[in-house]
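Trainee:
Chains as they are written, first to last, in our numbering: chain A, 1 to 460; chain B, 461 to 567.
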């Protein structure tokens, strides 16, 4: 029996986690919330060493040090543009850790008799932990573009999927009836297979939502291990993340106008992979930086639609200077932030905050969208899918149903693009060929610097 | 003894509602940090990893347990640090803006 004061300590840590999640949902309290969560985690680690009989103290401390070093280096090295990948990896290793913990617990049961609920929790943790681990690795590969970002399906995919599910259930029953490492290994393998199969059919633009879902999965495995280890803190923390993560997944899906079922299984039904990665040779209107500089300088109202391409080119700092200059000239400028601009919801806010763009200039979609009608220029920088009218006009397009920013309603639309390559969702954008649209080709950073120079010349 | 699973189930169900309730009003601006922060919280599986590694009876189990400890600490520490890195950026521009007060008026 764990000591009463230790139980109280775990309770305090659990409260820290609740306060952390609460804090994270408002910009004012977010940072404090996160720090409170970290404090709770540290408290819990101290308690476990004080009250439990922990042997092998040195190797364990060394392992913690190693993990901490890897985590901290990863967290500081990562570029803000690669944030979704890093979250996926961190989530995956958490799921893997939970699965390993369950397997080790099983070795203690093996031979003897264990309560049935414990065995069910063990089976659940091994399967779902492996799903989370393998799924996260695939999402990482997709986001890092180490593999194709397009949905992957093949003939017989649903059947294989179904068989995998059946096998998972079968091996789980096997493990409950006859606890053994063999079933544990089989379960881990099937879970990993299912994790891969879960993510393969998901298109690149939807992958972040799957990360959030896998995050919730890992939370639930942690909760199950809490039951297994009779540790209330793990149960509460895991459940919190499981339920909050599930809700967050839904919120993200709603922001993209997609249903979770459609995201996960849409490609299996076939027909929705309209995306083409071929470059079209339809005529477009393009102009040089000097023309665009004049257009911007003499506009009254400019709305900027930033996208992932902006951040990849690291052009957000130059963009901010450009906007500052326009504001000095009396132009009214705002940024229109689509909920899923960047690679995951809220990502663009992080990227622009990094470039010290004032909060007040970042307008959420609902607020800014009606204003495109009054805008003289909509400047689309490195974005594509979020202004693609196909989301409203082309049923069957992968992004169909996603709310878009109506940049097409502005008097002039300027697209800064590297090439005619389609966006992350892999669909052609009709807006590029609209009569009001002008294209400004080139690397976003390079072009942005030229644009800035031209604008400075006009201002003097 | 028979009531014990019920107690655990009760805690579980209540925690589900708390989890849903605390983040029900999050703005889309914070989806990324929130996901990352929640991700760090489940890194608390480190406690479980320490427990199983600390009671390991054989070398293979110990090695496996230590791997779990490493993975879990990456999850937990990395998660909190990277979330903080993101959130620092959210708070910084505000201060910068306050300093630029007069310019804001000239708009």
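Ideal Cβ positions, reconstructed from N, Cα and C, are used throughout, including at glycine. Computed from a predicted structure; not experimentally measured.
#1: Please work out which residues of its chain come closer than 7 Å, Cβ to Cβ, to residue 3/A, disregarding the five sequence neighbours upstream and downstream, and give them in chain order.
#2: Any beta carbon from chain B within less than 8 Å of residue 304/A's own beta carbon?
#3: Does the beta-carbon of residue 151/A have 16 or more other beta-carbons within 10 angstroms, so that it is buried, or is it exposed?
#4: On the three-state DSSP scale, how would you describe residue 412/A?
#5: Taking 8 Å as the threshold, find out whether the region 335–347 of chain A comes into contact with the region 255–262 of chain A through three or more Cβ pairs.
#6: Any chance you could list the alpha helix (DSSP H) runs of at least 4 consecutive residues sitting entirely within the region 176–225 of chain A, in chain order?
#7: Which same chain residues end up closer than 6 Å to residue 361/A when comparing Cβ atoms and leaving out the 5 residues on each side of it in sequence?
#8: Quick one: any contact between the region 468–485 of chain B and the region 503–520 of chain B, if contact means 3 or more CB pairs under 8 Å?
#9: Sorted by chain position, which residues of the same chain lie with C-beta nearer than 6 Å to residue 200/A's C-beta, five sequence neighbours on each side aside?
#10: Note down the Cα distance separating residue 121/A from residue 508/B, rounded to an integer number of angstroms.
#11: Going by beta carbon distance, what residues of the same chain come within less than 7 Å of residue 290/A, once the five residues before and after it are set aside?
#12: Please classify residue 298/A: is it buried, with 16 or more other beta-carbons within 10 angstroms of its beta-carbon, or exposed?
#13: Under 8 Å between the Cβ atoms of residue 429/A and residue 388/A?
#14: Under the rule that 16 or more other beta-carbon atoms within 10 Å means buried, what is residue 10/A, buried or exposed?
#15: Under 8 Å Cβ-Cβ, which residues of chain B neighbour residue 406/A?
#16: Taking only beta-carbon positions, decide if residue 411/A is within less than 8 Å of chain B.
#17: Do you know how far the Cα of residue 196/A is from the Cα of residue 435/A?
#18: Pick from 546/B, 480/B, 531/B, 489/B: whose alpha carbon is nearest that of residue 81/A?
#19: Can you grab the Cα-Cα spacing for the pair residue 15/A / residue 409/A, in whole Å?
#20: For residue 376/A, which three-state DSSP category applies?
#21: Run through chain B and tell me which residues come within less than 9 Å of residue 81/A, C-beta to C-beta.
#22: At a Cβ cut of 7 Å, what residues of the region 493–509 of chain B count as close to chain A, listed as they run along the chain?
#23: My understanding is that residue 204/A touches residue 149/A, with C-beta atoms under 8 Å, so please give their C-beta distance in whole angstroms.
#24: Whose Cβ in chain A lies nearer than 7 Å to the Cβ of residue 483/B?
#25: Would a check of beta-carbon distances place residue 367/A closer than 8 Å to chain B?
#26: Which residue wins for smallest C-alpha separation from residue 74/A, given the options 89/A, 61/A, 62/A?
#27: Hey, would you say residue 461/A sits closer than 8 Å to residue 302/A, going by beta carbons?
#28: Kindly list, in the order they appear in chain A, the residues whose Cβ is closer than 7 Å to that of residue 466/B.
#29: Taking three-plus beta-carbon pairs below 8 Å as touching, is the region 218–236 of chain A in contact with the region 167–183 of chain A?
#30: Do residue 91/A and residue 215/A come within 8 Å of each other at the CB atom, strictly closer than that value?
#31: With a cut-off of 8 Å, does the C-beta of residue 519/B fall near any C-beta of chain A?
#32: By DSSP's criteria, residue 335/A is part of a beta bridge. Which residues make up the other side?
#33: How about residue 95/A and residue 218/A: do their beta carbons lie closer than 8 Å?
#34: Excluding the five sequence neighbours on either side, which residues of its own chain have a C-beta within less than 7 Å of the C-beta of residue 329/A, listed in chain order?
#35: With 8 Å as the threshold, decide whether the Cβ of residue 489/B is near any Cβ in chain A.
#36: When you compare each of 13/A, 138/A, 101/A, 401/A to residue 532/B by their alpha carbons, which one comes out closest?
Mentor: In short, the structure shows the following:
#1: By 1-based counting over the first chain, the position of residue 3/A is 3. Hits under 7 Å: 51.
#2: Stepping through the first chain from its first residue, residue 304/A is reached at position 304. Not an interface residue.
#3: Mapped onto the first chain, residue 151/A falls at position 151. It is buried - the Cβ of residue 151/A has at least 16 other Cβ atoms within 10 Å.
#4: Position 412 of the first chain, counted from the start, is the residue given in the question as residue 412/A. Of the three classes helix, strand and coil, the one that applies to residue 412/A here is strand, per DSSP.
#5: yes
#6: 181–199
#7: The residue labelled residue 361/A in the question sits at position 361 within the first chain. Correct list, in chain order: 334, 335.
#8: no
#9: For this step, residue 200/A is matched to residue 200 along the first chain. Hits under 6 Å: 152.
#10: Locating residue 121/A in the first chain gives position 121, counting from the first residue. Locating residue 508/B in the second chain gives position 48, counting from the first residue. Taking the straight line from one Cα to the other gives about 14 Å.
#11: Here residue 290/A corresponds to residue number 290 of the first chain, with the count starting at 1. Excluding sequence neighbours, residue 290/A sits near 454.
#12: On the first chain, residue 298/A is found 298 positions in, with the first residue counted as 1. So residue 298/A ends up on the exposed side.
#13: Here residue 429/A is taken as the residue at index 429 of the first chain, counted from 1. Here residue 388/A is taken as the residue at index 388 of the first chain, counted from 1. Yes, they are a contact pair.
#14: Position 10 of the first chain, counted from the first residue, corresponds to residue 10/A. That one is buried.
#15: If you number the first chain from 1, residue 406/A lands on position 406. Ordered by position in chain B, no residue passes the 8 Å Cβ test against residue 406/A, which lies about 18 Å from the chain.
#16: Within the first chain, residue 411/A is the residue found at index 411, counting from 1. So, not an interface residue.
#17: Sequence index remark: in the first chain, residue 435/A carries index 435 (1-based). Sequence index remark: in the first chain, residue 196/A carries index 196 (1-based). One C-alpha to the other measures close to 44 Å.
#18: Taking the first residue of the first chain as 1, we reach residue 81/A at position 81. Nearest C-alpha to residue 81/A: 546/B.
#19: In the first chain, the residue the question calls residue 15/A occupies position 15. In the first chain, the residue the question calls residue 409/A occupies position 409. Each residue's Cα considered, the two are about 49 Å apart.
#20: Reading the first chain from its first residue, position 376 is the one you call residue 376/A. Coil, per DSSP.
#21: As a working mapping, residue 81/A is identified with position 81 in the first chain. Going along chain B, no residue has its Cβ under 9 Å from residue 81/A, so there is no contact; the nearest lies around 12 Å.
#22: 493, 494, 495, 496, 497, 498, 499, 500, 501, 502, 503, 504, 505, 506, 507, 508, 509
#23: Residue mapping note: residue 204/A aligns to position 204 of the first chain, counting from 1. Residue mapping note: residue 149/A aligns to position 149 of the first chain, counting from 1. Correct: roughly 3 Å between the Cβ atoms.
#24: Against the second chain, residue 483/B aligns to sequence position 23. By Cβ distance, chain A contributes 21, 25, 244, 247, 248.
#25: By 1-based counting over the first chain, the position of residue 367/A is 367. No, no contact with chain B.
#26: Here residue 74/A refers to the residue found at position 74 of the first chain. Nearest of 89/A, 61/A, 62/A to residue 74/A, Cα basis: 89/A.
#27: With chain A covering 1 to 460 only, the question about residue 461/A has no answer from this structure.
#28: Here residue 466/B corresponds to residue number 6 of the second chain, with the count starting at 1. Per Cβ cutoff of 7 Å: no residues; residue 466/B is ~11 Å from chain A at best.
#29: no
#30: Numbered from its first residue, the first chain carries residue 215/A at position 215. Numbered from its first residue, the first chain carries residue 91/A at position 91. Yes, the Cβ-Cβ distance between residue 215/A and residue 91/A is below 8 Å.
#31: What you label residue 519/B is simply residue 59 of the second chain in a count that begins at 1. For residue 519/B, the answer is no, since every Cβ of chain A falls outside 8 Å of its Cβ.
#32: Position 335 of the first chain, counting from 1, holds the residue named residue 335/A. Bridge partners of residue 335/A: 304/A, 362/A.
#33: The residue labelled residue 95/A in the question sits at position 95 within the first chain. The residue labelled residue 218/A in the question sits at position 218 within the first chain. Yes, Cβ-Cβ distance for residue 95/A and residue 218/A is below 8 Å.
#34: Within the first chain, the letter at position 329 stands for residue 329/A. Cβ within range, chain order: 297, 459.
#35: If you number the second chain from 1, residue 489/B lands on position 29. Yes, because at least one Cβ of chain A sits closer than 8 Å to the Cβ of residue 489/B.
#36: The count along the second chain starts at 1 and reaches residue 532/B at position 72. Of the listed residues, the one whose Cα sits closest to residue 532/B is 101/A.
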